[in-house]
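In this note's numbering, the protein residues as written are 5 to 360.
All C-beta atoms, glycine included, are put in the ideal place defined by N, C-alpha and C.
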Amino acid sequence: MPVVIELGPAASRFVAPRVSPLAELCACLHALQTPGHHPASRRWADAVRQDAEPALLDRAAALSPLWGAFRARYLLPLSANGERELAEEIGEIAALPREEFTGMTAQALLGKNTPRPEEALRDPGRFLARLRQHAEDRFTLGARLLSDTEGLRETLTEFLHLAGEQWFGAEWERLAGPLGSEVRGRFHEHRQDGAAVLAGFPTARVLSDPPRVEFEKLYQARVPLSGTPCLLVPSLHVNPHVAIKHYPGFPIVVQYPVRGGDGAGPPSLDVVRERLKVLHEPLRVDLCRTLLREAMTTTELATQYRMTPPQMSRHLRRLRESGLVVTHRRGARVHYQLDQEAVRNLGADLLAALHR
């Protein structure tokens, strides 16, 4: 079944690439709940499950129907007015008119697009019965949506702020650069190809009569592009999915996996060359050995190696930028850990030597 974006006249004027930290956080939360479907996100998800407060993980599980297979529309950009910080995008959820928040939440819980989302709530009993057929956690959220809409919204936005701070901050610091580069590349393609840039995504194809782009999905929909912004949002954690969101009165959003991102194939020759260059410094090899055994902060490493924190930070930055170490947050502290898969790709003997 296809989702069809009807191009119409002057369609290219309405297409714009854009980075969205909220959309990437949504992709991360989806991967956290379904790690088996997202091997490229397993490292991040495992680190979160290892380090997170159990109460916050419980809150994530309770809210997870909102970022399941059918994501709530408000978890991707709600406006086309330039890029936002994560806190600003969460603020747009808080500022949504009550009717829009309710409709978008109902859609996510039902897992279905409807031309008039508010109609799903006209019969509360039927709405809740349908949710109970799906799953108990959906029913629980649906009952709260009906009885305490603003309380549910506050619970959601508070959780997103906490997850962004405790789980996502260091990850976004790692991803923002590659995603920004992808957006710049898409801008160039858009200038050359116009709205046909949409055909470059997985499962998409361009048809000419009438002009349209079809995406093979598990549901069917037709969305006119003329007069409606269409945001192209790259992601390193949405892989292997392409998420297409549309809701009356809001931009169309296509969140797509970045080509060459995690899990998308072997690293380029330039990446391998840079990693070998970084490891030419003996101290960094020793740091890799240390970080293989235990995740540590900059201050802890500086103390162990009798260096100042700024000196140690420079070495860690080179290792992180080359993709040899990853970061994850525990409260206010950022810990560094060796990416064993990245080292294994350089050579099994190197990884074995570090294990000795």
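Ignore the nearest five residues each way along the sequence and tell me which others in T303's own chain have a CB closer than 7 Å to its CB.
P313
Please report the distance separating the alpha-carbon of P25 from that of A112.
20 Å
Between the C-alpha atoms of A35 and D141, what's the straight-line distance to the nearest angstrom?
18 Å
Tell me the DSSP bridge mates of P228?
E10
Cβ-based neighbour list, H41, same chain, cut-off 8 Å, excluding 5 preceding and 5 following:
Correct list, in chain order: A35, P244.
What's the gap between the Cα of N117 and the Cα of V227?
11 Å
How would you call T106, buried or exposed, if buried means at least 16 neighbouring beta carbons within 10 angstroms?
buried
Any idea what DSSP makes of A247, helix, strand or coil?
Strand at A247.
Should S45 go down as buried or exposed, given a rule of 16 or more other Cβ atoms within 10 Å for buried?
buried
Can you name the residues that DSSP bridges to C234?
V19, I256
Three-state secondary structure assigned by DSSP to P261:
strand
Give the DSSP bridge partners of A208, in chain order.
F219
Applying the criterion that 16 or more other CB atoms from any shown protein chain within 10 Å of the CB defines a buried residue, is K249 buried or exposed?
buried
So, using beta-carbon positions, are L358 and R293 closer together than 7 Å?
yes
What are the residues that DSSP puts in a beta bridge with H4?
Within the shown structure, residues of the chain are numbered from 5 to 360, placing residue 4 beyond reach of any answer.
Shortest alpha-carbon distance to E285 belongs to which of A65, V338, T307, L323?
L323
Where does A203 sit, in a helix, a strand or coil, going by DSSP?
helix
Is the distance from the Cβ of Y223 to the Cβ of V246 below 7 Å?
Taking 7 Å as the Cβ cut-off, Y223 and V246 do not qualify as a contacting pair.
If you run the structure through DSSP and keep just helix, strand and coil, what is S24?
Collapsing the DSSP output to three states places S24 in coil.
Pick out whichever of F143, H165, T161, R178 has its Cα sitting closest to the Cα of L100.
T161
Where S239 sits in the DSSP three-state scheme:
S239: strand per DSSP, three-state reduction.
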